[in-house]
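Participant: This is the structure, below, for whatever I ask next.
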């Protein structure tokens, strides 16, 4: 539901009437194309996301997401996910079911499976409650149960169940800043012969703040996320980075850790262009830092005992009035404690997205 207030001048001098208008949205979606962040254009990906609102009953959401990518002639990735969320009672409680399937030549670089086949299927159930939701504030908590089956060509089939308890808070201040944080506690168990258990505590902070000392259209983004994890963590529970908005100077999932911290600092300024076709262009610069660690008995080339990473770069975002947007950046690794002789060749990324 979209709502807005428009002020209309009355015949009396200095008097206005407030007119409230509203429209119901039944669907939204997006289609994006981008390259896999590397030093060349060898990998490409496409992502389709679609949502339907009040699909069966008022307030529910049906979501679909399909994605595919190819790294080279032999490595292809397919991803599909469908979820349905519905209010349980009118006080803000909701439930969601989610089904996911993933099929790839290699799911994570740190597992050194570039020549392996990986298949994952998962089902999840979530019950949540919106404790507060206003124009400037939102607080949500939920409990999630996730069951996942992983198969690959190098290890036995792995079955894991995970329970997660999460809390999210978002607030917009009177000064135009946006602050958010989230906490998630997880406990899981393997249903294979080893019957291992694992757990983690994750947290994240985010701040978007106005920079009036630079200009009226300048903003700074700060993001801090971290995890404290146990031993015997399955790969999908490890802390890593996708290479698109964290550690943009490194290959996606190049390193991973049971525990660690990611920090992103980004500053940009939006320039509003004349003409009906453009909404604005935002040049920006960024600095990404990470620390990852692993138990000594689980160390490998992609999961070092501990590693510190730093990358930096610049980019540009361009948005159009018709729903088209472009995002492109160039980043380079500044520091890699695991590989001091690594190349500093820049990594290039470009994404085109159309939204409706």
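Residue numbers (the numbering used here): 12 to 367. Glycine included, C-beta positions come from ideal geometry on N, C-alpha and C. The model shown is predicted, which means the values in this text are computed figures rather than measured ones.
#1: Could you check where the beta strand (DSSP E) with residue 171 kicks off and where it finishes?
#2: Name the residue from 155, 105, 215 whose alpha carbon lies nearest to the alpha carbon of residue 377.
#3: If you drop the 5 nearest sequence neighbours on each side, which residues of the same chain put their C-beta closer than 8 Å to that of residue 202?
#4: The beta strand (DSSP E) spanning residue 225 covers which residue range?
#5: Could you tell me the distance, in whole angstroms, from the CA atom of residue 122 to the CA atom of residue 313?
#6: Please state whether the Cβ-Cβ distance between residue 204 and residue 243 is less than 8 Å.
#7: For the beta strand (DSSP E) that residue 134 lies in, which residues bound it at each end?
#8: Among all the DSSP beta bridges, which residues are the ones paired with residue 267?
#9: Confirm, please, whether the CB-CB distance from residue 298 to residue 270 is below 8 Å.
#10: Less than 8 Å between the beta carbons of residue 289 and residue 331, yes or no?
#11: What number of angstroms, rounded off, separates the C-alpha of residue 181 from the C-alpha of residue 162?
#12: Can you tell me whether DSSP reads residue 247 as helix, strand or coil?
#13: Which partner residues does residue 437 have in the DSSP bridge list?
#14: Kindly confirm or deny that the region 219 to 238 and the region 276 to 284 touch, where touching means at least three C-beta pairs closer than 8 Å.
#15: With DSSP as the reference, label residue 308 as helix, strand or coil.
#16: Look at residue 197 and residue 210 and say whether their C-beta atoms are less than 8 Å apart.
Facilitator: Taking the geometry as given:
#1: 169 to 183
#2: Any answer about residue 377 is impossible in this case: the structure gives the chain only from 12 up to 367.
#3: 170, 171, 172
#4: Careful: residue 225 lies outside any beta strand (DSSP E) and carries neither H nor E.
#5: The predicted model places residue 122 with a pLDDT of 40, which falls under 50 and marks its position as unreliable, so this point remains unresolved.
#6: In terms of Cβ geometry, residue 204 and residue 243 do not form a close pair [threshold 8 Å].
#7: 129 to 144
#8: In the DSSP output, where bridge partners are listed per residue, residue 267 has none listed.
#9: no
#10: For residue 289 and residue 331, yes; Cβs fall inside 8 Å.
#11: 38 Å
#12: helix
#13: The structure shown has nothing for residue 437, since the chain only spans 12 to 367.
#14: yes
#15: helix
#16: yes
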